[in-house]
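> Keeping their order, the protein sequence lines are chains A and B.
Under full-length UniProt numbering, the letters of the first sequence match residues 1 to 154, in that order.
Under full-length UniProt numbering, the letters of the second sequence match residues 1 to 154, in that order.
Every residue gets a Cβ at the ideal spot worked out from N, C-alpha and C, and that includes glycine.
The structure displayed is predicted, hence computed values, not measured ones.
Protein chains: 2
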Amino acid sequence: MQVSARADYALRAASELARAKVEGTGPLKGERIAAAQGIPKKFMENILLDLKHHGLVRTQRGASGGYWLAVPAAEITLADVIRAVEGPLANVRGEWPEAVEYTGSAEKLREVWIAVRASLRTVLETVTLADLVEGSLPPVVEGLTRNPEAWVHH
Amino acid sequence: MQVSARADYALRAASELARAKVEGTGPLKGERIAAAQGIPKKFMENILLDLKHHGLVRTQRGASGGYWLAVPAAEITLADVIRAVEGPLANVRGEWPEAVEYTGSAEKLREVWIAVRASLRTVLETVTLADLVEGSLPPVVEGLTRNPEAWVHH
DNA sequence: TCACCTCTCTACTGGTTCGGTAGGCAATAC
DNA sequence: GTATTGCCTACCGAACCAGTAGAGAGGTGA
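Structure representation (structure tokens):
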């Protein structure tokens with residue numbers, strides 16, 4: 001259950017675009033975003049292109065060009081961004097959780113994967129880019145982070 | 001956010017061992033487990049060896065040998081099995097969620113990853129191998145699967 | 001003691017993915 | 001027309017993944 005560099009970079013870049021959107025400054029240049037978040041520039045261009053193809057981002061070329069969000073930051077969830085660059089949020093050996101076949105004592109595993117995906121969604125589909133910019137997460141998510149136990153790795 | 005073949009196989013094999021434990025039949029041979037779950041035998045031996053090294057499984061060699069759970073099935077969670085074969089449940093670009101540094105508008109991402117990990121844990125640390133065998137998941141997890149929306153992929 | 005069975009361990013391999021780079025092309029502004 | 005910026009495809013090395021191989025060690029039974 002790894003979060004790839006690609007997904008992480010995409011979210012960081014998107015958060016920069018969200019801030020620019022909220023603050024009303026114009027298009028952000030790739031150079032600026034990459035520098036602000038410490039992302040290799042060419043790699044990030046690649047990633048932002050994916051976001052553009054999925055309709056999350058708009059662009060303009062030329063001297064006064066750059067990138068900006070296609071819709072308000074509050075309408076883009078983190079799940080939207082991740083799906084744009086990585087495909088489905090959760091899958092089992094390359095298949096959708098509901099597509100995997102289990103036999104005998106393992107039968108309930110399918111439902112477990114469904115539950116896993118659902119729990120991922122409750123976080124990633126409720127947090128929006130606007131939440132990142134504002135610095136306040138939705139109550140459900142905030143609640144998960146309150147438990148000190150959540151901050152230790154096992 | 002992929003579930004690897006290794007983790008999937010580990011859980012399936014473990015569920016077979018759990019059933020044998022609950023039913024009180026003796027050690028299970030690798031051959032039997034592999035056949036029952038359709039797992040390549042040598043690959044599965046490899047995986048079960050990991051489970052053994054982590055103290056989840058005991059073994060005996062020879063004609064009347066086989067594999068069995070080291071502790072009752074109700075005391076082994078799915079998270080235990082996954083961690084034994086894959087390491088940490090969730091990490092961001094190879095690091096623990098709480099170790100990743102974010103700057104500016106991306107700062108809240110760390111808390112998001114913490115929440116993601118916490119939500120994974122609420123599923124994988126509550127379901128035990130005994131639950132799989134009995135065919136009844138804990139209420140919290142069962143609840144997640146009840147929502148029809150959880151069964152569609154986006 | 002011998003034969004046979006089953007797990008143990010290390011190494012290997014072929015293929016895919018991942019993170020990142022390169023470079024030419026297309027559009028925009030001045 | 002020229003400088004600037006994004007667009008797009010291709011490429012590359014390294015790591016990882018799924019699976020295989022095979023010799024060896026510990027058991028059992030005769």
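Between residue 92 of chain A and residue 3 of chain B, which are expected to be in contact by the criterion C-beta below 8 Å, what is the C-beta distance as a whole number of angstroms?
Right, the Cβ-Cβ distance comes to about 4 Å (below 8 Å), so this counts as a contact.
> Can you find a CB in chain B that lies within less than 7 Å of the CB of residue 50 of chain A?
No, residue 50 of chain A does not count as interfacial toward chain B.
> Taking its Cβ as the centre, do 16 or more other Cβ atoms sit within 10 Å of residue 148 of chain B, making it buried, or is it exposed?
Per the 10 Å Cβ criterion, exposed.
> For residue 5 of chain B, which of A:142, A:95, A:151, A:32 has the nearest alpha-carbon?
Among A:142, A:95, A:151, A:32, the Cα nearest to that of residue 5 of chain B is on A:95.
> Quick check on the DSSP output: what are the complete beta strand (DSSP E) runs of length 3 or more inside the stretch 5-69 of chain B, in order along the chain?
57-60, 66-69, all fully within the stretch 5-69 of chain B.
> Check each candidate in B:134, B:154, B:126 and name the one with the smallest Cα separation from residue 143 of chain B.
Measuring from the Cα of residue 143 of chain B, the nearest candidate turns out to be B:126.
> My output table needs one value for residue 95 of chain A: the three-state DSSP class, helix, strand or coil.
Residue 95 of chain A: strand per DSSP, three-state reduction.
> Could you name the residues of the same chain whose beta carbon sits closer than 6 Å to that of residue 12 of chain A, not counting the 5 residues immediately before and after it, in chain order?
Cβ neighbours of residue 12 of chain A beyond the five flanking positions: 37.
> Using the Cα positions of residue 133 of chain B and residue 86 of chain B, report the straight-line distance between them to the nearest angstrom.
Between residue 133 of chain B and residue 86 of chain B, the C-alpha separation is close to 23 Å.
> Determine the burial state of residue 81 of chain B: buried for a count of at least 16 other Cβ atoms within 10 Å of its Cβ, exposed for fewer.
Answer is buried; the Cβ neighbour count reaches 16.
> For residue 104 of chain B, which residues in chain A fall below 8 Å Cβ to Cβ?
Ordered by position in chain A, the residues that pass the 8 Å Cβ test against residue 104 of chain B are 15, 16, 19, 36, 37.
> For residue 145 of chain A, return the contacting residues in chain B, with the cut-off set at a CB-CB distance below 8 Å.
Correct list: 111, 114, 115, 118.
> Between B:42, B:71, B:129, which lies nearest to residue 30 of chain B when the distance is taken from Cα to Cα?
The candidate whose alpha carbon is nearest that of residue 30 of chain B is B:42.
> Shorter than 7 Å from the beta carbon of residue 135 of chain B to some beta carbon of chain A?
Yes - at least one Cβ of chain A is within 7 Å of the one on residue 135 of chain B.
> Would you mind sorting residue 65 of chain B into buried or exposed? The rule is 16 or more other CB atoms within 10 Å of its CB.
Result: exposed.
> Residue 91 of chain B versus chain A: which residues are under 8 Å apart at the beta carbon?
Ordered by position in chain A, the residues that pass the 8 Å Cβ test against residue 91 of chain B are 1, 2, 3.
> Please name the residue or residues paired with residue 128 of chain A in a DSSP beta bridge.
Note: residue 128 of chain A sits in a beta bridge opposite A:77.
> Would you call the stretch 100-114 of chain B and the stretch 18-35 of chain B in contact, with 3 or more CB pairs under 8 Å?
As far as the Cβ criterion goes, the stretch 100-114 of chain B does not touch the stretch 18-35 of chain B, which means the pair count is below three.
> Taking all protein chains shown into account, decide if residue 101 of chain A is buried (16 or more other Cβ within 10 angstroms of its Cβ) or exposed.
By the 10 Å Cβ count, residue 101 of chain A comes out exposed.
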